[in-house]
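See below for the structure under consideration.
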Amino acid sequence: AHGRDIAQVYRECAVADRSRIRGRREVHALDQRVDHRDEVLSRRRHEHRTVVADPNLRRVELAFLAFNMTEFATWIAILVYAYDRGGAAAMGAVSVILLVPSAFVAPFAAYAGDRFRRDRVLALDYLVQGIAMAVTAATLYLDAPVAWVYTTATIASISITFTRPAQNCLLPGLTETPADLTAANVVSGVVEGTGKMLGPIIAGILLASSGPWAVFATFAVVTLLGALLVSGLRVDVSTVTPDARVEAGD
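Position 188 of the sequence shown, counting from 1, maps to 260 under this note's numbering, and the rest follow consecutively.
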């Protein structure tokens, strides 16, 4: 009996030791997760500070925020207009009308940033977007024929296709190190997500209070402000001009 008591004590001690070891491992794993989280947060704060401190990157990212808000807000507005005119069938047809031309234009949109000065491509694209949005707002406000409304909205949709390729081509020319470029890309992702959230919210408020024309009019102004921001970039021309153009100039 005494031997069984000793064996029982040994088993209990072994269980306690394993529990302590497991506890220490869990604490160590928790510490590692906390350290990793702090490291990630510190890196993200540094990335945001890098972009905010750079005037060029700050301008580009603010314009990109305006663009993302505009893209999703006006998309909702034109679909609401189509639904009011012809129900779900009209809404589906308008989706095709707006997206198919953009799909055909997409390869040329990617080409533009590789052929011309990238800051000018982006600024011109925002300018065209703003004008197309303003004209669409006018056709909606004046209750113009449906064909006119969809034509101007399609032009606006096509112009939107150029923005992301131009933005992606421009960012490397505005940054000096790979770390800066990484920071700019991270902030672009945050900005894009924020724009996708804010745009529909603002669109909903404007649709409830005024109608689709107000959405296009508001975001025409927002997009033109984006064009103004990008047009004010102070850049080294050689860094934002494609290599083939620089060599041709030489």
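Don't be surprised by glycine CBs; every beta carbon is placed ideally from N, CA and C. Values in this document were obtained by computation on a predicted structure and should not be read as measured data.
- The alpha-carbon separation between A299 and A225 amounts to approximately 19 Å.
- Out of V259, E133, A228 and Y213, the CA that lies nearest to the CA of I203 is found in A228.
- Minimum Cα-Cα distance from I273 among the listed residues R189, G261 and F291 corresponds to F291.
- By the neighbour-count criterion, in which 16 or more other beta carbons inside 10 Å mark a residue as buried, G304 falls on the exposed side.
- If you ignore the 5 residues before and after D197, its C-beta comes within less than 7 Å of the C-beta of S231, F234, T235 and A238, all in its own chain and listed in chain order.
- The closest CA to that of M141, considering only A175, V302, V294 and D215, is found on V294.
- Within the region 171–250, complete alpha helix (DSSP H) segments of at least 4 residues are found at 190–213, 218–233 and 235–246, given in chain order.
- Just so you know, the alpha carbons of R190 and V312 end up roughly 5 Å apart.
- Rounded to whole angstroms, the Cβ separation of A286 and L296 is 16 Å, and the two are not in contact under 8 Å.
- S260 sits buried, since 16 or more C-beta atoms from the chains shown fall within 10 Å of its C-beta.
- Contact annotation: V193 and L242 have beta-carbon atoms nearer than 9 Å.
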